[in-house]
Amino acid sequence: MRGALAAVLSQEADLEVPAEVDTADAVLPVVARTDPQVVVLDGVLAAKLAIGELCGRLPGAGVLILIDPEAVNSAFLELVGMAPRVGFIATDASPAELIDAVRRLAEGMPVIDPEVAVAALKAPRNPLTGRECEVLRLVSTGATGQEIAHRLNLTAGTVRNYLSHILAKTGARSRIEAVLKAQDAGWI
Numbered sequence: 712m713r714g715a716l717a718a719v720l721s722q723e724a725d726l727e728v729p730a731e732v733d734t735a736d737a738v739l740p741v742v743a744r745t746d747p748q749v750v751v752l753d754g755v756l757a758a759k760l761a762i763g764e765l766c767g768r769l770p771g772a773g774v775l776i777l778i779d780p781e782a783v784n785s786a787f788l789e790l791v792g793m794a795p796r797v798g799f800i801a802t803d804a805s806p807a808e809l810i811d812a813v814r815r816l817a818e819g820m821p822v823i824d825p826e827v828a829v830a831a832l833k834a835p836r837n838p839l840t841g842r843e844c845e846v847l848r849l850v851s852t853g854a855t856g857q858e859i860a861h862r863l864n865l866t867a868g869t870v871r872n873y874l875s876h877i878l879a880k881t882g883a884r885s886r887i888e889a890v891l892k893a894q895d896a897g898w899i
């Protein structure tokens, strides 16, 4: 699909595709080398990247995320707040819609596909605070309460309080269940 997308965009006289990548690890180095006006990512790559960091390395540039509306979750809702720097278009958009979206982002205009917008409105909201998400991400790596406290410069008691709040908000009975629920919902 990446090759077909590049071919469609390259056929336009005013658009150039300087590079294609297939892994999240390759995105930032290629962006640094090519300095694009718009970066086009699929939802899978976008989920693996820190989009805020990517936008920070691309002052004035846009990021277009191709996403299946059924895959929209609250993690993507946070990115909507980064418009017009970050745009969304459905994976089943026509080539003309895709080309128009790239051009609009390059001009600094917002791009949010109506299908994706509706899906975003229906996505479950994240009840967790930013700090609770950080704690839960560390839990998902297998970190102990003490390790989490050390990494986040918190006391062990504060970490226990966060974990209690997380369990209550997610309705989970264990840390592992909370992690699974949060991952399924796209909260972490």
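Take 712 as the starting number for the sequence shown in my numbering and just add one per residue. Cβ atoms here follow ideal geometry from the backbone N, Cα and C, with glycine treated the same way.
Let's test the definition: count the other Cβ atoms within 10 Å of the Cβ of D725 and tell me whether it reaches 16, buried, or not, exposed. Exposed, because fewer than 16 other Cβ atoms sit within 10 Å of the Cβ of D725.
Host beta strand (DSSP E) of D753 (start-end): Looking at the DSSP string, the run of the beta strand (DSSP E) that includes D753 is 749-753.
Straight-line gap, T840 to A758 (C-alpha atoms, nearest Å): Taking the straight line from one Cα to the other gives about 19 Å.
Could you check whether the segment 800-816 touches the segment 847-854, counting it as contact only if at least three pairs of C-beta atoms, one from each stretch, sit closer than 8 Å? With the cut-off at 8 Å, the segment 800-816 and the segment 847-854 do not touch.
Status (buried if at least 16 other CB within 10 Å, exposed otherwise) for I887: By the neighbour-count rule (16 or more Cβ atoms within 10 Å), I887 is not buried but exposed.
When the distance is taken between beta carbons, is I778 closer than 7 Å to G798? In this structure, I778 does not lie closer than 7 Å to G798 by Cβ.
Inspect the CB distances between the segment 813-829 and the segment 761-778 and report whether three or more fall short of 8 Å. The segment 813-829 is in contact with the segment 761-778.
Delimiting residues of the beta strand (DSSP E) encompassing A801: Taken as a continuous stretch (DSSP letters only), the beta strand (DSSP E) holding A801 covers 797-801.
With a Cβ-Cβ cutoff of 7 Å, do A735 and L760 count as a contact? Yes, the Cβ-Cβ distance between A735 and L760 is below 7 Å.
Identify the continuous beta strand (DSSP E) that holds G773 and give its terminal residues. Unbroken beta strand (DSSP E) run through G773: 773-778.
Less than 7 Å separating the beta-carbons of I877 and E843? Yes; because the gap between Cβ atoms is below 7 Å, this pair is in contact.
The alpha helix (DSSP H) with A761 in it runs from where to where? Here A761 belongs to no alpha helix (DSSP H), and DSSP marks it neither H nor E.
Could you give the distance in angstroms between the alpha-carbon of E845 and the alpha-carbon of T869? The C-alpha of E845 lies about 13 Å from the C-alpha of T869.
Assigned exposure category for P780 - 16 Cβ within 10 Å defines buried: A buried status is given to P780, since no fewer than 16 other beta-carbon atoms sit within 10 Å of its beta-carbon.
Given A801 as reference, the closest of L752, A860, L739 once Cα atoms are compared: Proximity to A801 across L752, A860, L739 peaks at L752, based on C-alpha coordinates.
Using only CA atoms, which one of G856, A854, N784, T881 lies nearest to P838? For P838, the closest alpha carbon among the candidates G856, A854, N784, T881 is that of T881.
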